[in-house]
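> In my numbering, the protein residues as written are 14 to 289. Every residue gets a Cβ at the ideal spot worked out from N, C-alpha and C, and that includes glycine.
1. How long is the line joining the alpha carbons of residue 80 and residue 109, rounded to whole angstroms?
2. Helix, strand or coil for residue 92 per DSSP?
3. Nearest to residue 175 by alpha carbon, out of 280, 278, 261?
4. How is residue 159 classed by DSSP in three states: helix, strand or coil?
5. Quick check: is any heavy atom of the ligand ATP less than 6 Å from the C-beta of residue 258?
6. Could you have a look at residue 221 and say whether DSSP puts it in helix, strand or coil?
7. Relative to the alpha-carbon of residue 181, which residue among 266, 152, 133 has its alpha-carbon at the smallest distance?
8. So, with DSSP's three-state summary, where would you put residue 153?
9. For residue 239, does the three-state DSSP call read helix, strand or coil?
10. With a Cβ-Cβ cutoff of 7 Å, do residue 264 and residue 179 count as a contact?
11. Could you give the distance in angstroms between the alpha-carbon of residue 167 and the alpha-carbon of residue 271?
12. Give a yes or no on whether the C-beta atoms belonging to residue 148 and residue 92 are separated by under 7 Å.
13. Can you grab the Cα-Cα spacing for the pair residue 251 / residue 82, in whole Å?
14. Can the beta-carbon of residue 242 be found closer than 7 Å to that of residue 153?
15. Who are the near neighbours of residue 234 in its chain, counting only those whose CB is closer than 6 Å to its CB and skipping five residues on each side?
16. Residue 185: which of 232, 135, 219 sits nearest, CA to CA?
17. For residue 113, count neighbouring C-beta atoms within 10 Å of its own C-beta (all shown protein chains included) and say buried if the count is 16 or more, exposed if not.
18. Quick test of your reading: residue 140 and residue 95, contact by CB under 8 Å. State the CB separation rounded to the nearest angstrom.
19. To the nearest angstrom, how far is the alpha carbon of residue 161 from that of residue 254?
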């Protein structure tokens, strides 16, 4: 049934296209659709086909910029306060999370993935978070004038700055092709957490799923729907603080381990030879 509908839509579009052109202009030029298009558009009939996708394939950076502007807009709207604005901001922030994966995938499909694009995406994602939380805080404070709201927001932004500086410092030191924070999560957090004490290891294992953008964007959206901006600020502060503490512990333990290894290496080199 689904296949029949796709065939009907594709044929109807083809007939409509031929009828809309002057006689003698149309020529059949069959072109096999690429695999991504076959999956995305009507099973590969090419109905939506060439023009929109050809333009989209060269616009990875534009998608990133569009997503960043959406994130900034969500924070600006939230700053006005009130339920309608909070709801609109929550919807936009959820949309940012949905669109977030498109820029990288477009670049990969077009084989134009660059380190600049990865850094642009990383900066845009995190700036969207900062602006959204700042906007929600400002809007809520305008209504309540509660000092604890500002204190939670300060804690959230301070913790976020710490964890972001740890991650970005690692990526810069690696000097690799990747500028994605996912690289840090895989190479450092998941790998080194297993070597920490059991409590830290469990916190990392279960906590890393709770701080992924897909999760907290949906959480913030859900809290916006039920008009709980206080909960958005609270969970933002809780999540960023917990991650900052865990990453700080992992980084400090890693530093101690490297220092101990270096001291052991120096001691071994300076030790006198043992005669037999």
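Walking through what the data contain:
1. 6 Å
2. coil
3. 261
4. coil
5. The ligand ATP is not part of the structure shown, which contains no ligands of any sort.
6. helix
7. 133
8. helix
9. coil
10. yes
11. 33 Å
12. yes
13. 26 Å
14. yes
15. 103, 107
16. 135
17. buried
18. At roughly 24 Å, the Cβ-Cβ gap does not stay under 8 Å, so residue 140 and residue 95 are not in contact.
19. 16 Å
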